[in-house]
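Per my numbering, residue 2 is the first one in the sequence shown, and the count goes up by one each step. Where a beta carbon is used, it is the ideal one built from N, C-alpha and C, also for glycine. Bear in mind the structure is a predicted one, so any value in this text is a computation, not a measurement. Here's the structure we're looking at; comments come further down.
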Amino acid sequence: PPALGLLTINALVAAQAVLVPLQCEFFALEGISHLIKTVERVRAAFNPALEIQGIVLTMFDKRNNLSDLVASDVRRHFGDKVYKTVIPRNVRVSEAPSYGRPVLIYDVRCAGSQAYLHLASEVLRRERRERPVV
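Quick look at the structure:
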């Protein structure tokens with residue numbers, strides 16, 4: 002989150018991993034560096050097991066060169082931590098909260114919903130690969 006308050010710090014202390022949504026916009030790059038520093042501090046002081054599970058590129062607009070630049074920078078800097086699935090900027094995703102519904106219920110067929118379903122599959126595949134069931 003842009004503002005890391007006490008509630009967020011407490012959540013990091015209790016968490017095993019962090020899944021970072023990153024808007025494909027310029028200022029998001031500053032926010033992620035702040036978040037990573039905070040995760041490192043929490044790891045050092047309270048929760049040595051805390052890890053960044055992955056980074057999800059959100060609000061990606063294929064018509065906007067800035068989205069491509071941000072995505073390229075993030076992938077270059079964080080490598081395999083960045084999920085392949087990208088969540089597109091989508092009107093239905095933006096509308097869903099105003100109707101009090103998750104986008105998957107509001108419109109499961111829209112591009113945003115489909116991207117979130119693909120992301121869920123990718124997260125599960127990665128988890129199975131990194132933490133095989135014994």
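Ile56 is classed as buried because its beta carbon has at least 16 other beta carbons within 10 Å across all chains shown. Rounded to the nearest angstrom, the Cβ distance from Cys25 to Phe61 is 5 Å, consistent with a contact under 8 Å.
Secondary structure at Leu20: strand, using DSSP grouped into helix, strand and coil. The alpha helix (DSSP H) runs lying completely inside the stretch 89-115 and spanning 4 residues or more are 92-96 and 104-107, given in chain order. Nearest Cα to Arg64 within the set Glu52, Asn91, Lys85 and Leu13: Asn91. Annotation for Pro103: Ala97 place their beta carbon closer than 8 Å to its own, counting only its chain and skipping 5 residues before and after. Here the alpha carbons of Thr86 and Arg126 stand approximately 12 Å from one another.
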